[in-house]
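Undergrad: What follows is a single structure, and I will ask about it in a moment.
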Amino acid sequence: MSLYVNTGADSPASPYLPVGAVVTRVAKLTDKERLFALAPESPMDFAYQPGQFFMAGLPGYGEAPFSITSAPGGRELELCIRAVGNLTNAIHRVSKGGRLWIRGPFGRGFDTTELKGRDLVYIAGGIGIVPMRSLIKAVVGRGDYGGRTLIYGAKTPSEILFQGEMDEWSGKGMRVMVTIDKPAGAWGGNVGVVTTLMPKAEIRPGRTTAVIIGPPVMYKFVIMALRQRGLRDEDILVSLERRMKCGLGKCGHCQINGVYACQCGPVFKLSELKGLPEAL
Amino acid sequence: MPPVTPMRFLAKAGWSRLVSGLVEDYLVYGTVKKDGFPAYGRITNVRDLILFQTPTHLSAKEFLFPQRETLLKFNMEDGGHEPVVDAPAQVIIGMHSCDIHAMNLMDVVFAYGTPDANYLARRANTIVIGTDCFPDQYCFCPSVGTDKVNEGFDLYLHPIKKGFLVRTGTERGGAILKKYASSRQATASEERELKALDKRKEGSFVTKLDAPHTELPAIYAQSDNSPVWDKIGAICYGCGSCNNVCPTCYCFDVKDEVKPDLRTGERVRVWDGCTLEEFSLVAGGHNFRRPRSARLRHRMNRKFRYLAGVFNAPFCVGCGRCIRTCLVRINIAEVTNELIREYRSR
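Sequences listed follow chains A and B, in order. If you read the first sequence in my numbering, its first letter stands for residue 197, the second for the next number, and so on. If you read the second sequence in my numbering, its first letter stands for residue 3, the second for the next number, and so on.
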C-alpha cells in the first residue's frame, strides 16, 4: 500500500504509520484540559494496561506521547490533553467526529494482578491524575483489592480534574483527599503541597503500595515522606514522564541512564531505580 | 558467520573495471577529499576515489541513516498517511574497519525490538566495500577491538605494492567481484606482504585506552561523581558536533514538515544529539540532563557502558571523530583514561 517502498517483499512495515482514531466525545474539563474519547478506525491491538501511553498526533503538527486515562478493557481509548504547545492546541481544535492519529500502546504500565490484595495509596500531582485515573478506574469498587486512598494536589480549585468522578469513587469506598497550592476564593479544603495530606493517610508497611504520578519536582518529597512511614522501595510505584519521539526504544529521548523509559517504563518500582540517578 | 573465502588478488586495472561497473549500475559513494580533508562523496569515476586515508570527517552513517529522512507523507485535508521507505541500490566504497564495526552495531540497534523498516531496507540495498586505512593521532581502534573486521562488508580491500588483496564477506560480494573484474587467488608472498604492513600499522597508534574495553562498563559505573564531568562540562559548547560525527550516535527527532501548499507534508526523522540542551526536556519545562556535564556524561556512558551492557560490545569504535571535531578539544580517550586512573586509585 505504500508508494515508495523499494525493497523486498519481506521488509517490515513502517512502525511510524499511525492509525486513524475517530473522536467520539470531547469533554472540556478545565480551561486547559480536554478529554478525548477515541475509537480506532482500523483494527488494532487495543489491549492496554493502565500506565501505558499512546503516541497521538495530527498531520502537520507532529505527534507526542500521551498517557492513557481510560480503564483498560473498553472499546474506547480516552486521552486527556492539556493545551500547551502547537500540537496540543491543534488537538484542542478537533471536535467530535474528527480524527486523531495514534500509535501504541507503548511501555510498561501498572501490573494490576500484582497489586491484588494490596492497600493502595494514590498520590497524584496536577496532570498526574490523568494516568492515575486509568489505574483507579481499573480497580475501584473491586473486592479483590484492599483499602484505597487518593491524595491529589492541584494548583487551584479550577484546575482540579475529574471532580465529579471523585465523588463517585468515594461512593465506592475510596478515601479522596484533595489539596490546592494556594488559598483561593471559596475553597474550604486543604491548602498546601500533597505531602501535607500524607499524615492523614493510612499507610501500613508491608500491606500498602503507594503510587506516585506528578511533576518531576514532586517525587523526591513524596518518596521521603513514604519512606519515613516505613514503606519499602519495592512497594512504591512511580510513573516517569519523558518526551518520547518514537516509542520504540531507539530515538534516545526517554533514556534514563541506560534505560529506555518507553520500553522498561514509564512505570517503575522505586527499587528498580537504584543505579539510575537520572530517574528522579 | 561470514563465509571463509581465500584472499583474492585484484590488479589495479581490475579494480578500475570493478568500480566502473558499479558506477554504471548503482549509486556509488566513496572516500574523497573535500577542502583537503578525507570525506565521503558521490563517485562517478574511479579517479574520484581517494582510498586508504585517515578517517573521514563524517562517518558513513548518513548513507544508511540519513540526517533527514522521510518516514511518512501525509495529507492534512483527508488525513491520508503513506509510509515512505526510500532505499536506493547503493555502494559505499572505503569504509574502514572501525566504521564497519559501527555499522554492524547500527544493524543490531535498528533490528532489535520493533524493526526499523527504513534503516533495514537501506542496509539490505547497500553494498559495502571496506578498505584499509591510515590511523592518525586520534585513532584508538585497537583499544576497543575494532581495528580488524571479519563481517559486515561485501568486499574488503587491502592495498599491496602490485595491486589489492581482496576479502569476500558475503555471497553478494563474491558475485560482484566475479561479475565486474577478474581476480586470482593471492600468493603466499602477497599475504606475507600484507601481514608486514598490518604489523607496521599496529605500532603507529598514539591514542590508547589504559584498560581493556571489557572493564570500562564497571569503571564508568563507578564514575558518575567524577570531577572530570564538571571539568569538561565547563568548557563544552553543547554544540552536538560529537553526536553528528559519531558513527554510532543514532538518536533522532521526529517532526512534521508542511509543504508550501499547506495541505501536504512529510513526517521526517532528523538526527538529534544528547549533548544538545533541549534533548531531555519534557512538557512542563523540566530538563533531566540540563548541565553540559550531565549531557557529556550521558554520551560517554552510552558509548562505554549503557549500550555496551545491552548489546555486548562497546559503542565507541575508536574512530576518534569526536576528538577531531571538538572545538574545545574534549578527548573521549583522555576522559576515559582519567576515569580509569581515578578508579584504580580508589
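Just so you know, even glycine gets a beta-carbon here, dropped at the ideal spot from N, CA and C. Note that the structure is a prediction, hence the values are computed from the model and not measured.
Once you ignore the five residues that flank Pro8/B on each side, which residues in its own chain have a CB closer than 8 angstroms to its CB?
TA: Within the second sequence, numbered from 1, the residue matching residue 8/B stands at position 6. Result list for Pro8/B: Gln187 and Ala188, in chain order.
Undergrad: Please report the distance separating the alpha-carbon of Arg314/A from that of Leu331/A.
TA: For the purposes of this step, residue 314/A is taken as residue 118 along the first sequence, with counting starting at 1. For the purposes of this step, residue 331/A is taken as residue 135 along the first sequence, with counting starting at 1. Arg314/A and Leu331/A: Cα-Cα distance of roughly 14 angstroms.
Undergrad: Residues of chain A with CB under 9 angstroms from Cys241/B, in chain order?
TA: Here residue 241/B refers to the residue found at position 239 when the second sequence is read from its first residue. None at all; the shortest Cβ gap to chain A is about 17 angstroms.
Undergrad: Looking only at its own chain, which residues have a Cβ that is under 6 angstroms from the Cβ of Val256/B, when we skip the five neighbours before and after it?
TA: For the purposes of this step, residue 256/B is identified with residue 254 of the second sequence, where counting begins at 1. Closer than 6 angstroms at Cβ, skipping near neighbours: Arg271.
Undergrad: For the alpha helix (DSSP H) containing Cys100/B, list its first residue and its last residue.
TA: What you label residue 100/B is simply residue 98 of the second sequence in a count that begins at 1. Counting along the chain, the alpha helix (DSSP H) containing Cys100/B begins and ends at Ser99 to Ala113.
Undergrad: Using a Cβ cut-off of 9 angstroms (strictly closer), state whether Glu274/A contacts chain B.
TA: Taking the first sequence and counting its residues from 1, one reaches residue 274/A at position 78. By this cut-off, Glu274/A is not an interface position.
Undergrad: State the Cα-Cα distance for the pair Gln139/B and Trp273/B, rounded to the nearest angstrom.
TA: If you number the second sequence from 1, residue 139/B lands on position 137. If you number the second sequence from 1, residue 273/B lands on position 271. Distance between the alpha carbons of Gln139/B and Trp273/B: 28 angstroms.
Undergrad: Chain A partners of Thr116/B, CB-CB under 7 angstroms?
TA: Counted from its first residue, the second sequence places residue 116/B at position 114. Against chain A, the beta carbon of Thr116/B has neighbours under 7 angstroms at Pro211 and Leu444, listed in chain order.
Undergrad: Using DSSP with H/G/I as helix, E/B as strand and the rest coil, what is Gly281/A?
TA: Residue 281/A sits at position 85 when you count from the first residue of the first sequence. DSSP places Gly281/A in coil when its eight states are reduced to three.
Undergrad: Measuring CA to CA, which of Asn453/A, Gly258/A and Glu274/A is closest to Ala286/A?
TA: Residue mapping note: residue 286/A aligns to position 90 of the first sequence, counting from 1. Looking at the Cα atoms, Gly258/A is the closest of the given residues.
Undergrad: Could you please tell me which residues of the region 430 to 455 of chain A, in chain order, have their CB closer than 7 angstroms to any CB of chain B?
TA: Glu437, Arg438, Arg439, Lys441, Cys442, Leu444, Gly445, Lys446, Cys447, Gly448, His449, Asn453 and Gly454
Undergrad: Over what stretch of residues does the beta strand (DSSP E) that includes Lys257/B continue unbroken?
TA: For the purposes of this step, residue 257/B is taken as the residue at position 255 of the second sequence. Per DSSP, Lys257/B belongs to the beta strand (DSSP E) from Phe254 to Val260.
Undergrad: Tell me which residue opens and which closes the alpha helix (DSSP H) that Lys224/A is part of.
TA: As a first step, residue 224/A is located in the first sequence; it is residue number 28 there, counting from the start. For Lys224/A, there is no enclosing alpha helix (DSSP H); the residue is part of the beta strand (DSSP E) that begins and ends at Val215 to Lys224.
Undergrad: Can you give me the Cβ contacts of Leu278/B inside the same chain, cut-off strictly under 7 angstroms, excluding the 5 residues immediately before and after it?
TA: Against the second sequence, residue 278/B aligns to sequence position 276. Answer for Leu278/B: Gly240 and Gly242, listed in chain order.
Undergrad: Between Thr128/B, Gln55/B and Phe166/B, which lies nearest to Ala183/B when the distance is taken from Cα to Cα?
TA: Residue mapping note: residue 183/B aligns to position 181 of the second sequence, counting from 1. Relative to the Cα of Ala183/B, the nearest Cα in the group Thr128/B, Gln55/B and Phe166/B belongs to Phe166/B.
Undergrad: Helix, strand or coil: which one does DSSP assign to Thr250/B?
TA: As a working note, residue 250/B is residue 248 in the second sequence. Looking at Thr250/B - three-state DSSP - the assignment turns out to be coil, as it is neither helix nor strand.
Undergrad: Name the chain A residues that come within less than 9 angstroms of Asn77/B, Cβ to Cβ?
TA: In the second sequence, residue 77/B corresponds to position 75, counting from 1. Those are Pro255, listed as they occur along chain A.
Undergrad: Alpha carbon to alpha carbon, how far is Arg278/A from His160/B?
TA: On the first sequence, residue 278/A is found 82 positions in, with the first residue counted as 1. On the second sequence, residue 160/B is found 158 positions in, with the first residue counted as 1. Rounded to the nearest angstrom, the two C-alpha atoms are 60 angstroms apart.
Undergrad: Is Gly168/B buried or exposed, if buried means 16 or more other CB atoms sit within 10 Å of its CB?
TA: By one-based count along the second sequence, residue 168/B stands at place 166. It should be pointed out that residue 168/B corresponds to Val in this sequence rather than to Gly. Per the 10 Å Cβ criterion, buried.
Undergrad: For a contact meaning CB atoms closer than 7 angstroms, what does Lys257/B contact in chain A?
TA: Locating residue 257/B in the second sequence gives position 255, counting from the first residue. Gly258, listed in chain order.
Undergrad: If Thr295/A sits next to Gly216/A, beta carbons under 8 angstroms apart, how far is it from one beta carbon to the other, in whole angstroms?
TA: Here residue 295/A refers to the residue found at position 99 when the first sequence is read from its first residue. Here residue 216/A refers to the residue found at position 20 when the first sequence is read from its first residue. The amino acid occupying residue 295/A in the given sequence is Arg; Thr does not appear at that position. A Cβ-Cβ separation of about 5 angstroms places Arg295/A in contact with Gly216/A under the 8 angstroms criterion.
Undergrad: Report yes if the C-beta distance between Leu444/A and Phe302/A is below 9 angstroms; otherwise report no.
TA: In the first sequence, counting from the first residue as 1, residue 444/A sits at position 248. In the first sequence, counting from the first residue as 1, residue 302/A sits at position 106. Closer than 9 angstroms, so yes.
Undergrad: Which one or two residues does DSSP pair with Val440/A in a beta bridge?
TA: Taking the first residue of the first sequence as 1, we reach residue 440/A at position 244. Looking at the sequence provided, one finds Met at residue 440/A rather than Val. For Met440/A, which the question treats as bridged, DSSP gives no partner whatsoever.
Undergrad: Helix, strand or coil, according to DSSP, for Lys368/A in the structure here?
TA: Position 172 of the first sequence, counted from the start, is the residue given in the question as residue 368/A. It is coil, neither helix nor strand.
Undergrad: Whose C-alpha, out of Ala267/A, Arg271/A and Gly247/A, is nearest the C-alpha of Pro261/A?
TA: As a working mapping, residue 261/A is identified with position 65 in the first sequence. Out of Ala267/A, Arg271/A and Gly247/A, Gly247/A has the C-alpha closest to the C-alpha of Pro261/A.
Undergrad: Express the C-alpha separation of Ser435/A and Thr216/B in angstroms, rounding to a whole number.
TA: Mapped onto the second sequence, residue 216/B falls at position 214. Mapped onto the first sequence, residue 435/A falls at position 239. Spanning the two alpha carbons is a distance of roughly 33 angstroms.
Undergrad: When DSSP builds the beta bridges, which residues end up paired with Ile332/B?
TA: Sequence index remark: in the second sequence, residue 332/B carries index 330 (1-based). Answer is none; Ile332/B lacks a bridge partner.
Undergrad: Closer than 7 angstroms, Cβ to any Cβ of chain B: which residues of the region 274 to 291 of chain A, in chain order?
TA: Answer set for the region 274 to 291 of chain A: Val280.
Undergrad: So what does Phe464/A bridge to, in DSSP terms?
TA: Position 268 of the first sequence, counted from the first residue, corresponds to residue 464/A. For Phe464/A, which the question treats as bridged, DSSP gives the partners Val434/A.
Undergrad: Would you kindly check if the distance between the Cβ of Phe67/B and the Cβ of Met97/B is under 9 angstroms?
TA: Locating residue 97/B in the second sequence gives position 95, where the first residue counts as 1. Locating residue 67/B in the second sequence gives position 65, where the first residue counts as 1. In this structure, Phe67/B does not lie closer than 9 angstroms to Met97/B by Cβ.
Undergrad: Run the CB neighbour count on Ser99/B, radius 10 Å, all protein chains shown included, and call it buried at 16 or more, exposed below.
TA: Residue numbering aside, residue 99/B sits at position 97 when the second sequence is read from its first letter. That one is buried.
Undergrad: Any C-beta of chain A within less than 7 angstroms: which residues of the region 319 to 330 of chain B qualify?
TA: none
Undergrad: Considering Cα atoms alone, identify which of Val335/A, Trp297/A, Gly337/A and Thr309/A is closest to Asn77/B.
TA: Indexing the second sequence from 1 puts residue 77/B at position 75. Checking every option, the nearest Cα to that of Asn77/B belongs to Trp297/A.
Undergrad: Tell me the DSSP secondary structure of Val418/A in three-state form.
TA: Counted from its first residue, the first sequence places residue 418/A at position 222. Helix at Val418/A.
Undergrad: Can you list, in chain order, the residues of its chain with a C-beta nearer than 8 angstroms to that of Arg504/A? Leave out the 5 residues immediately preceding and following it.
TA: The shown model of chain A, from 197 to 476, leaves out residue 504/A, and the question about it has no answer.
Undergrad: Using a Cβ distance threshold of 8 angstroms, determine whether the region 51 to 68 of chain B contacts the region 214 to 231 of chain B, with at least three qualifying pairs required.
TA: Touching, no, given that fewer than three Cβ pairs across the two stretches are closer than 8 angstroms.
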